[in-house]
Amino acid sequence: MIYTVQVTESFDTVKKEFEAKVKEVGFMLFDTYNFTRILQDKAYPIEKEIIVFELCNPSGAQQALSHLPELSVYIPCKIS
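In this note's numbering, the protein residues as written are 5 to 84.
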């Protein structure tokens, strides 16, 4: 699913607020990927700043995976 939100705040502000909100609602932030930097390092530059956040709700994941292990392909969730 693609859901787009436009903001006027700086990327750093949005990132800090996002990370705080993730914890507030009971999720864990597993990792953050800066695709712009990763691709630049591999000699495949892109012009846009693209950051991907990998997150998970541990209790929800436990429940889902206990009943249907095939859901593991969707965990952790990613927000870009």
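Think of the CB as a built atom: it goes at the ideal place given N, C-alpha and C, for glycine as much as any other residue.
So the beta strand (DSSP E) THR36 belongs to, where does it begin and stop? Residue range 32-38 is occupied by the beta strand (DSSP E) that includes THR36.
What do you reckon, are the CB atoms on VAL11 and VAL18 nearer than 8 Å? Their beta carbons are under 8 Å apart, which means VAL11 touches VAL18 by this criterion.
Hey, out of PHE34, GLU21, SER84, whose CA is closest to GLU53's CA? If we check each option's Cα against that of GLU53, SER84 comes out closest.
Between the C-alpha atoms of TYR48 and ASP35, what's the straight-line distance to the nearest angstrom? Whole-angstrom Cα-Cα distance: 22 Å.
Using the three-state DSSP reduction, which class does GLU51 fall into: helix, strand or coil? DSSP places GLU51 in coil when its eight states are reduced to three.
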